Amino acid sequence: MLPYKNLIIIDKTSHIAVFKQIAVQFIGLIQKGKLLPGTKLPSTRALAYDLGLHRKTIMAAYDSLVSEDWIDSLPRKGYIVSPNLPFVKPRSYNSNGLSAYENEPGFIFDSLSSYINPSSPSKKHELIIDDGLPDTSLLSPGIMLAGYRKALDYPTLKKISTGWDLEGSLDFRNSLCHFLNQTRGIDITTENLLTARGAQMAIYLSASLIIKPGDKVIVSDPSYFFANMIFERFGAELIYVPVDHDGMCTEVLEELLKKHSVKLLYVIPHHHHPTTVTMSTARRNELLILIKKYQIAVIEDDYDYDFQFEYAPYLPLASGDHEGNIIYIGSLTKVLGAPFRLGYIVAAKKFIRSAAKQRLLIDLRGDVFTEQVVSGLIENGELTKLIQKANKLYRHRCHFAAELFAKQLGGIVQLTKPNGGMALWLQFKNDFPLAKVIANAKGLKIIGSVYSKERNSNFNAFRFGFASLNDEEIIKAIDILKTTIHK
Ligand SMILES: Cc1ncc(COP(=O)(O)O)c(C=O)c1O
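What the sequence shown shows, in the working numbering, is residues 1020 to 1506, in sequence order.
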């Protein structure tokens, strides 16, 4: 039903009778195609109520429209726009007959044309290779349903819809705070936490408060491309530091810090994206010293901390002595699955407060509903159980995939088995340009990060997400790659 209250405007000072004003405006709506032939009109009682008029006035308006054949009166059904109006065309208000949105807009805007374009939808038979997404089949529908049911109970729903915590659901932040203190060895209070829709938004929010056009930002080479895009979006000049088997090279980093006035450093110490390398303890200690010495802001992106399945976990840099300079970012998306957009920022209270205000501008209240559900999962221990289950499975899949790649494509693909995470970094020999291999790999769809000459990278590599694939799928994927390469 159209919002007649806003569409039909009565001018009580006009010399034209009110019923006539209503009739004329209905004719206008029909001629413009906003009321199509056959459309049911509101009852005289409902329209009178909406417009604050006497019902008899509406009846007079409808009678006049009926007498001019604009509308029909159907017994027991009410009034409809006459189905036989020969001159009324749908969208008659648009001269070229197209939807207005089929035109290019006349105003200038930033088209972000150099940014990544989403890949086309995959065909039914294609096996999808992501760059490190969890296996969503690990989520128990029963447990999730119970969580949703609980959050939907009226008092909870009322509490989360009327309460407004700028930094995110208080229940969730309380549970998460406890969880992070226990699992990461960081020592924070709820006020050090802000929720976001995934780690991606957390990086964006943090960068937005720090970077001004022309600022220098240090990232690894290679690095998580979506983070680089954020920094460049805010006008940063990126400076690159190589990554070796111990993580970001701190000696090179120090040389750069001596030479440049650097605003921000972006690091991924666990299962670095894309190379999957975990930073060594020695490098972590060196990095902490540099952070204090040069007093730079640091974003520590710890997107898949929870999947360190080969050893007692390395704690994040944020658990060390950094004098509040580390903004620690994490994600529950990597535990629960890609559709659950839930991440967080840990930082000094003052920074969190500003980031919360910034978040408000793009995500007024945040996804407090999902936060409430996940808070329940933390409290009842289900999140921890899920992480434990996933670690066991991902460890197996990691070994299985790494060993099969070594066996089947050993001379062509180089990889180092990671000690955690969800992906393998497959570096192909340059004789096998990846763009070509991927284009010819029938039945495979690579939806994650590919680094190749065509994409302005010096690497010929991609991330093979093993976590979401079962053994059969891993075998099939490797088989397709092998067949394509040997063709
Ligand atoms: C290194 C890194 N940081 C951040 C993100 C974004 O995570 P989220 O899905 O939580 O936004 C990703 C996603 O894959 C990632 O690989």
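Heads up, the beta-carbon is just placed ideally off N, CA and C, and yes, glycines get one too.
Note that the coordinates shown come from a computational prediction; the quantities given were computed from them, not determined experimentally.
Secondary structure remark: continuous beta strand (DSSP E) runs of at least 3 residues inside the segment 1272-1308, in chain order: 1281-1286. Under the criterion of beta carbons closer than 8 Å, F1326 and G1440 qualify as touching, at roughly 6 Å. Remark: C-beta atoms of A1442 and G1151 approach each other more closely than 9 Å.
DSSP places I1135 outside both helix and strand once states are collapsed to three, so it counts as coil. In the structure shown, P1160 adopts helical secondary structure according to DSSP, grouped into three states. If you draw a straight line from the Cα of Y1098 to the Cα of Q1050, it comes to about 17 Å. Distances from the CB of D1154 to the heavy atoms of ligand 1 are all 8 Å or more. Shown here, E1401 sits in a helix according to DSSP, grouped into three states. In this structure, L1060 sits away from F1038, with a CB-CB distance that is not shorter than 9 Å. I1148 and G1484 have their C-alpha atoms some 6 Å from each other. Boundaries for I1381: no beta strand (DSSP E) harbours it, while the alpha helix (DSSP H) harbouring it runs 1368-1381, taken from the DSSP string. When the alpha-carbon of V1260 is set against those of V1286, F1245, R1416, the nearest one is in V1286. Residue range 1173-1181 is occupied by the alpha helix (DSSP H) that includes S1180. Here the segment 1178-1197 lies against the segment 1391-1409, with 3 or more beta-carbon pairs under 8 Å apart. In this structure, the C-beta of Y1413 stays at least 8 Å away from each heavy atom of ligand 1. Look at R1378: its beta carbon is at least 8 Å from all of the heavy atoms in ligand 1.
The alpha helix (DSSP H) runs of length 4 or more contained entirely in the segment 1194-1220 do not exist; there are none. Taking 4 residues as the minimum length, the alpha helix (DSSP H) runs contained wholly in the segment 1063-1103 are 1063-1070, 1074-1086, in order along the chain. DSSP, reduced to helix, strand and coil, places G1439 outside both helices and strands of the structure shown, so it counts as coil. In chain order, the residues that have a beta carbon nearer than 7 Å to some heavy atom of ligand 1 are D1150, G1151, G1217, A1218, Q1219, M1220, I1222, Y1243, F1245, A1246, I1287, H1292, D1320, Y1322, S1350, T1352, K1353, A1357, R1360, G1362. Nearest to L1453 by C-alpha distance, out of L1054, K1426, L1500, is L1500.
Our two residues, P1241 and I1258, have alpha carbons roughly 11 Å apart in a direct line. Closest by C-alpha distance to L1157, out of A1357, Y1313, G1182, I1027, is A1357. Three or more beta-carbon pairs separated by less than 8 Å link the segment 1373-1380 to the segment 1212-1227, which places the two stretches in contact. I1237 and V1281 have their C-alpha atoms some 7 Å from each other. Here I1381 is exposed, its C-beta having fewer than 16 other C-beta atoms within 10 Å. In this structure, H1289 lies near D1321, with their beta-carbon atoms less than 9 Å apart. In the DSSP assignment, the residues bridged to K1464 are I1147. In the displayed model, G1266 falls within a strand according to three-state DSSP. Distance from the CA of T1063 to the CA of L1171, rounded to the nearest whole angstrom, comes to 38 Å. Contact fails between the segment 1206-1217 and the segment 1402-1414, because fewer than three Cβ pairs, one in each stretch, are under 8 Å apart. In the DSSP assignment, Y1470 forms a beta bridge with A1480. Using a Cβ distance threshold of 9 Å, I1027 and L1213 do not count as a contacting pair. Each of A1079, P1153, N1025, D1386 was checked against the Cα of L1361, and the nearest Cα belongs to D1386. Assigned with DSSP and collapsed to three states, Q1391 falls in helix.
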